[in-house]
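**Student:** Before I ask anything, let me first share the structure, which is written out below as structure tokens.
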Amino acid sequence: MTETPLYTQHDSRFAALIQHHAAPDLLYEGCRWAEGPVWFADQNVLLWSDIPNARMLRFAPEADGLGTVSVFRAASNYSNGHTRDRQGRLVSCEHGTRRVTRTEIDGTITVLADRYDGKALNSPNDVVVSSDGAVWFTDPTYGIASDYEGYRSEVEQAKNRLYRIDPASGAVEAMAEDFEQPNGLAFSPDEGRLYVVDSGAPRHIRVFDVQGGRRLSGGDVFFALDAEHGPDGLRLDTQGNVWAAAGKGVQVFSPEGTSLGRIAFPQRVSNLTFGGPKRNRLFVTATRSLHALYVSANGAQWP
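For the sequence shown, the UniProt record's numbering begins at 1 and goes up steadily by one.
This is how it looks when you write it as structure tokens:
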């Protein structure tokens with residue numbers, strides 16, 4: 001059986017984005033389905049979800065590049081994706097409660113959204129916060145389809161949508177609804193584009209133009225993948241390249257949608273984020289495990 005190479009180059013520009021002699025570190029193994037990594041630069045820690053075990057884990061790096069793992073939240077309501085707002089607070093998608101929450105500095109939980117048009121959300125999946133403080137999140141049905149990643153429940157929303165929570169009023173607005181299963185999402189560095197994964201039957205990444213921070217147009221297919229390499233979470237680097245979880249690997253695309261290359265992992269990759277003091281360490285959640293790999297790109301997300 002031929003061994004899959006760590007790096008597969010599709011375009012010469014890929015060479016400048018990777019550390020050719022770097023290999024992934026296995027930081028933790030023991031999740032049921034690892035997801036939603038988020039980096040806390042001010043604390044030098046990474047948080048992520050172990051969805052079926054309904055817990056959040058915390059990784060604290062040490063000088064050797066490895067580190068310690070502890071339970072951050074033992075009862076996470078089957079949390080999935082996470083991000084931070086402009087005040088550095090944790091914003092989370094919860095399958096079990098079908099809501100988006102914010103963890104305040106004192107540890108209390110504020111519910112940002114749990115309903116739309118008077119009906120319960122499906123199961124919020126992933127989330128980003130734009131520079132104006134608006135919270136954008138996707139709402140597929142994965143968390144209510146069975147009792148594995150949440151609670152089997154009736155679908156109340158007729159569409160699986162992308163939503164925006166207004167930072168001033170707190171109103172929840174549907175921004176797009178022509179998805180099978182909207183999933184990972186990320187803004188370009190200038191926030192002029194919003195990339196959204198549809199991990200349903202289309203298995204593609206779409207790109208929307210953003211006007212005035214609150215209106216979308218376009219929504220064309222940025223890149224389509226097959227069933228083996230279906231996309232999930234994604235992040236962007238400072239050059240606008242898209243780094244996407246895709247099957248058993250991370251696939252990198254240029255801003256115009258050219259596949260630059262692929263980084264292989266031993267398990268199916270769910271999500272990723274950039275971290276470390278220089279944001280050049282790629283943290284990857286992959287089925288049961290958490291990995292990290294130094295790259296030659298820097299993450300664009302804030303904080």
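From the three backbone atoms N, C-alpha and C, an ideal C-beta is built for every residue, glycine too. If you're wondering where the values come from, they're calculated on a predicted model, not measured in any experiment.
Check whether the stretch 23-41 touches the stretch 281-301, counting contact only when three or more Cβ pairs, one atom from each stretch, lie closer than 8 Å.
**Tutor:** Output reads yes: the stretch 281-301 touches the stretch 23-41.
**Student:** So, is Thr-273 buried or exposed, given that buried needs 16 or more other C-beta atoms within 10 angstroms?
**Tutor:** It counts as buried.
**Student:** Per DSSP, what are the beta-bridge partners of Met-175 in this structure?
**Tutor:** None, per the DSSP bridge assignment.
**Student:** Apply the 10 Å Cβ neighbour rule to Ala-169 and answer buried if 16 or more other Cβ atoms are within range, or exposed otherwise.
**Tutor:** Sequence inspection shows Ser at residue 169; the Ala mentioned does not correspond to that position. The residue in question, Ser-169, is exposed, as its Cβ has fewer than 16 Cβ neighbours within 10 Å.
**Student:** Check whether the stretch 85-96 and the stretch 143-150 touch, using three or more Cβ-Cβ pairs below 8 Å as the test.
**Tutor:** The stretch 85-96, when compared against the stretch 143-150, does touch it at the 8 Å Cβ threshold.
**Student:** Need the endpoints of the beta strand (DSSP E) that Asp-209 sits in, please.
**Tutor:** 204-211 is the span of the beta strand (DSSP E), which, as asked, contains Asp-209.
**Student:** In this structure, what does DSSP give as the bridge partners for Trp-243?
**Tutor:** Its beta-bridge partners are Arg-235, Val-252.
**Student:** Per DSSP, what kind of secondary structure is Tyr-148 in: helix, strand or coil?
**Tutor:** Reduced to three states, the DSSP call for Tyr-148 is coil.
**Student:** Helix, strand or coil: which one does DSSP assign to His-10?
**Tutor:** Residue state, collapsed to three classes: coil.
**Student:** With which residues is His-291 paired in a DSSP beta bridge?
**Tutor:** According to DSSP, His-291 bridges with Leu-26, Val-284.
**Student:** Between the stretch 214-234 and the stretch 182-199, do at least 3 Cβ pairs fall closer than 8 Å?
**Tutor:** Yes, since at least three Cβ pairs between the stretch 214-234 and the stretch 182-199 fall closer than 8 Å, the two stretches touch.
**Student:** Relative to the C-alpha of Tyr-78, which candidate in Arg-206, Asn-271, Pro-52 has its C-alpha closest?
**Tutor:** The shortest C-alpha separation from Tyr-78 is found at Pro-52.
**Student:** Which one of Ser-146, Ala-158, Leu-260 has the shortest CA to CA distance from Asp-117?
**Tutor:** That would be Ala-158, whose Cα lies nearest to the Cα of Asp-117.
**Student:** Leaving out five residues before and five after Val-45 in sequence, what residues of the same chain have Cβ atoms less than 7 Å from its Cβ?
**Tutor:** So the list reads Arg-58, Phe-59, Ala-60, once near-sequence residues are dropped.
**Student:** Return yes when the Cβ of Ala-245 is within less than 7 Å of the Cβ of Asn-271, no when it is not.
**Tutor:** Yes, the pair counts as a contact, with Cβ atoms nearer than the cut-off.
**Student:** Taking Arg-268 as the reference, give the member of Val-284, Gly-261, Leu-260 with the closest Cα.
**Tutor:** That would be Val-284, whose Cα lies nearest to the Cα of Arg-268.
**Student:** Assuming Pro-5 and Ala-264 are in contact, meaning their beta carbons sit under 8 Å apart, how far apart are those beta carbons, in whole angstroms?
**Tutor:** That belief holds up - the Cβ atoms of Pro-5 and Ala-264 are roughly 7 Å apart, short of 8 Å.
**Student:** When you compare each of Pro-140, Asp-178, Asp-166, Tyr-163 to Val-155 by their alpha carbons, which one comes out closest?
**Tutor:** The option with the nearest alpha carbon to Val-155 is Pro-140.
**Student:** Should Asp-42 be labelled buried (16 or more other beta-carbon atoms within 10 Å of its own) or exposed?
**Tutor:** It counts as exposed.
**Student:** Counting only beta-carbon separations shorter than 7 Å, does Leu-282 have a partner in chain D?
**Tutor:** Here chain D cannot be found, since the structure has a single protein chain.
**Student:** Closest by CA to Arg-193, which one among Glu-173, Gly-219, Ser-199, Phe-137?
**Tutor:** The candidate whose alpha carbon is nearest that of Arg-193 is Gly-219.
**Student:** How is Glu-94 classed by DSSP in three states: helix, strand or coil?
**Tutor:** Strand, per DSSP.
**Student:** So what's Ala-300 in DSSP terms, helix, strand or just coil?
**Tutor:** If DSSP states are grouped into helix, strand and coil, Ala-300 belongs with coil.
**Student:** Considering just the uninterrupted stretch of the beta strand (DSSP E) at Asp-198, what are its terminal residues?
**Tutor:** From DSSP, the beta strand (DSSP E) with Asp-198 extends over 193-198.
**Student:** What are the partner residues of Ile-18, as DSSP defines its beta bridges?
**Tutor:** Answer by DSSP bridge pairing, in chain order: Val-295.
**Student:** Less than 7 Å between the beta carbons of Val-135 and Leu-112, yes or no?
**Tutor:** Result yes, Cβ atoms of Val-135 and Leu-112 sit closer than 7 Å.
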